[in-house]
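Enquirer: Residue numbers (mature numbering (1 follows the signal peptide of the UniProt record, and there is no 0)): -26 to -1, 1 to 403.
Idealized CB from N, CA, C, for every residue including glycine.
None of these values were measured; they are calculated from a predicted model.
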């Protein structure tokens, strides 16, 4: 959280201008948040959510409500929200919060409306349990946000590499062949022997795929570091470094040009731990590789990577109207529309029973039943607590894995050094 405070100085001019804008608005509408007799709601979102279409639909159905949609980069939205809450002014009526940031803003829950007071408990059963719990206080009494999309993880794979290695290319057959992590290791050795290629190219994705299946990760719900006392993270780290040392995992870092090029080149077999939104990344990086990709389940279950919530800061003068809008926006019916229009994978399992949804296939991914595969993954995700300082631990462990992969460093020494750096940083928080 301290890191974000340093941004206040850089955003002071923005806040000053925002204050002027607020003063002007207050003079025009008396601070009521109404414009031309309409309730006016400021709505902050990030990413390519495509909510503009649904916003227009809602305003047509509710002519007494005006919604001002403000779209920005994810980091900017979170930083501006934190700064606004710290300053006591400038926050929107409704804001989108990504799952990795939820724990931070839960610490400031007194600056948000408790959605349970507006009917959230009545719609809780419409959403996946683990997703709902991510934005809920430990005692279950405070609900910070309503669920938007999710990122259940699967295994994307190159059919041409699998075929060359003598492994199945059909999704169900491959899932049966690689049903657990021991089988994945055996497949990795076979792929290396037959093709000379690694089973996957990213140490981070390999590690994350195992870690995300665990019932706990870096912190307990008291925000105490548990990576030394709990076995799961170290087991994921050891499995990953074992495959790295045997030449079965590549060296590419996520989001680099090399990582994108490898998707097009077919220089590895599986993109392990890939969420639904990764489909767009693969197509963007490898536009000519249609029919050479497919997808199936991850060995031993699934994790979740990404997804968000809609929350209502207490600066809003219209929490009832704001809640009515987000309940409508995130209903199962509209989550289906968001999936169809923008690929946002639904967190409402009712959608998973929709025949049109289940019939979704993707010819780029060899005609695979994409929606059905991701839905099965979503239902197997375990709820986990990420913690306020999640990014500190994540960054240091990925650095350790990178050193092992790129520099041939000793895995245990890198683990020990990473744990020390993590503890030093946490001590300064």
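Nearest by alpha-carbon distance to residue 143: which of 188, 320, 395, 339 is it?
Expert: Your numbering for residue 143 matches position 169 in the chain shown. Measuring from the Cα of residue 143, the nearest candidate turns out to be 339.
Enquirer: Would residue 344 pass as a contact of residue 336 if the rule is Cβ separation under 8 Å?
Expert: For the purposes of this step, residue 344 is identified with residue 370 of the chain shown, where counting begins at 1. For the purposes of this step, residue 336 is identified with residue 362 of the chain shown, where counting begins at 1. For residue 344 and residue 336, yes; Cβs fall inside 8 Å.
Enquirer: Just verifying my parser: in three-state terms, what is the DSSP assignment at residue 229?
Expert: Looking up residue 229 in the chain shown gives position 255. Residue 229: coil per DSSP, three-state reduction.
Enquirer: State the Cα-Cα distance for the pair residue 319 and residue 392, rounded to the nearest angstrom.
Expert: Taking the chain shown and counting its residues from 1, one reaches residue 319 at position 345. Taking the chain shown and counting its residues from 1, one reaches residue 392 at position 418. Computed Cα separation, rounded: 34 Å.
Enquirer: Can residue 272 and residue 246 be called in contact, C-beta distance under 8 Å?
Expert: In the chain shown, counting from the first residue as 1, residue 272 sits at position 298. In the chain shown, counting from the first residue as 1, residue 246 sits at position 272. Their beta carbons are under 8 Å apart, which means residue 272 touches residue 246 by this criterion.
Enquirer: How is residue 248 classed by DSSP in three states: helix, strand or coil?
Expert: Start at 1 with the first residue of the chain shown, and residue 248 comes out as number 274. Note: residue 248 maps to strand in three-state DSSP.
Enquirer: Checking 8 Å against the spacing of the C-beta atoms, do residue 188 and residue 164 come in under that value?
Expert: Stepping through the chain shown from its first residue, residue 188 is reached at position 214. Stepping through the chain shown from its first residue, residue 164 is reached at position 190. Not in contact: residue 188 and residue 164 (Cβ atoms no closer than 8 Å).
Enquirer: Does DSSP put residue 197 in a helix, a strand or coil?
Expert: Along the chain shown, one-based indexing puts residue 197 at 223. The answer is coil: DSSP assigns residue 197 none of H, G, I, E or B.
Enquirer: Are residue 274 and residue 154 closer than 8 Å when you measure CB to CB?
Expert: Here residue 274 corresponds to residue number 300 of the chain shown, with the count starting at 1. Here residue 154 corresponds to residue number 180 of the chain shown, with the count starting at 1. Going by C-beta atoms, residue 274 is nearer than 8 Å to residue 154.
Enquirer: Is residue 33 helix, strand or coil when you go by DSSP?
Expert: On the chain shown, residue 33 is found 59 positions in, with the first residue counted as 1. Three-state DSSP puts residue 33 in a helix.
Enquirer: Grab me the residues of residue 356's own chain with a C-beta within less than 6 Å of its C-beta, minus the 5 sequence neighbours each way, in chain order.
Expert: In the chain shown, residue 356 corresponds to position 382, counting from 1. Closer than 6 Å at Cβ, skipping near neighbours: 189.
Enquirer: Can you give me the start and stop residues for the alpha helix (DSSP H) that residue 300 sits inside?
Expert: Residue mapping note: residue 300 aligns to position 326 of the chain shown, counting from 1. First-last of the alpha helix (DSSP H) with residue 300: 293 to 303.
Enquirer: Can you tell me whether DSSP reads residue 208 as helix, strand or coil?
Expert: Translated into the one-based positions of the chain shown, residue 208 becomes position 234. DSSP places residue 208 in helix when its eight states are reduced to three.
Enquirer: In the DSSP assignment, the beta strand (DSSP E) including residue 284 goes from what residue to what residue?
Expert: One-based indexing of the chain shown puts residue 284 at position 310. First-last of the beta strand (DSSP E) with residue 284: 278 to 285.
Enquirer: My assumption, with CB atoms under 8 Å, is that residue 294 sits in contact with residue 15. Please give the rounded CB distance.
Expert: Residue mapping note: residue 294 aligns to position 320 of the chain shown, counting from 1. Residue mapping note: residue 15 aligns to position 41 of the chain shown, counting from 1. Between residue 15 and residue 294 the Cβ distance is about 11 Å, and since that is not below 8 Å, they are no contact.
Enquirer: Just to check my reading of the structure: residue 128 and residue 351 have Cβ atoms closer than 8 Å, yes? What is that Cβ distance to the nearest angstrom?
Expert: Stepping through the chain shown from its first residue, residue 128 is reached at position 154. Stepping through the chain shown from its first residue, residue 351 is reached at position 377. That belief holds up - the Cβ atoms of residue 128 and residue 351 are roughly 5 Å apart, short of 8 Å.
Enquirer: Of the residues 45, 34, 98, 367, which one's Cα is nearest the Cα of residue 305?
Expert: For the purposes of this step, residue 305 is identified with residue 331 of the chain shown, where counting begins at 1. The option with the nearest alpha carbon to residue 305 is 98.
Enquirer: If I measure Cβ to Cβ from residue 173 and keep anything under 6 Å in the same chain, skipping five residues before and after, which residues do I get?
Expert: Here residue 173 is taken as the residue at index 199 of the chain shown, counted from 1. The residues are 162, 165, 222, 243, 244.
Enquirer: Using the C-alpha atoms, what's the distance from residue 368 back to residue 386?
Expert: On the chain shown, residue 386 is found 412 positions in, with the first residue counted as 1. On the chain shown, residue 368 is found 394 positions in, with the first residue counted as 1. Taking the straight line joining both Cα atoms gives about 17 Å.
Enquirer: Beta carbon of residue 126, beta carbon of residue 249: below 8 Å?
Expert: Taking the chain shown and counting its residues from 1, the one referred to as residue 126 is at position 152. Taking the chain shown and counting its residues from 1, the one referred to as residue 249 is at position 275. Yes, they are a contact pair.
Enquirer: How many angstroms separate the CA atom of residue 217 from the CA atom of residue 39?
Expert: Position 243 of the chain shown, counted from the start, is the residue given in the question as residue 217. Position 65 of the chain shown, counted from the start, is the residue given in the question as residue 39. So the alpha carbons of these two residues sit roughly 56 Å apart.
Enquirer: Look up residue 44 in the DSSP assignment and give the residues it is bridged to.
Expert: For the purposes of this step, residue 44 is taken as the residue at position 70 of the chain shown. Partner(s): 18.
Enquirer: Mind checking whether residue 226 and residue 236 have CB atoms under 8 Å apart?
Expert: Within the chain shown, numbered from 1, the residue matching residue 226 stands at position 252. Within the chain shown, numbered from 1, the residue matching residue 236 stands at position 262. Yes, the pair counts as a contact, with Cβ atoms nearer than the cut-off.
Enquirer: Could you check whether residue 325 and residue 310 sit closer than 8 Å to each other, using their CB atoms as the reference points?
Expert: Against the chain shown, residue 310 aligns to sequence position 336. Against the chain shown, residue 325 aligns to sequence position 351. In contact: residue 310 and residue 325 (Cβ atoms closer than 8 Å).
Enquirer: So, using beta-carbon positions, are residue 117 and residue 89 closer together than 8 Å?
Expert: Within the chain shown, numbered from 1, the residue matching residue 117 stands at position 143. Within the chain shown, numbered from 1, the residue matching residue 89 stands at position 115. Contact flag set, yes.
Enquirer: If I measure Cβ to Cβ from residue 131 and keep anything under 8 Å in the same chain, skipping five residues before and after, which residues do I get?
Expert: Here residue 131 corresponds to residue number 157 of the chain shown, with the count starting at 1. Contacts found: 148, 243, 244, 245, 267, 268, 269, 270.
Enquirer: Measure the C-alpha to C-alpha separation of residue 158 and residue 152 and round it to an integer number of angstroms.
Expert: In the chain shown, residue 158 corresponds to position 184, counting from 1. In the chain shown, residue 152 corresponds to position 178, counting from 1. Answer to the nearest angstrom: the Cα atoms are 5 Å apart.
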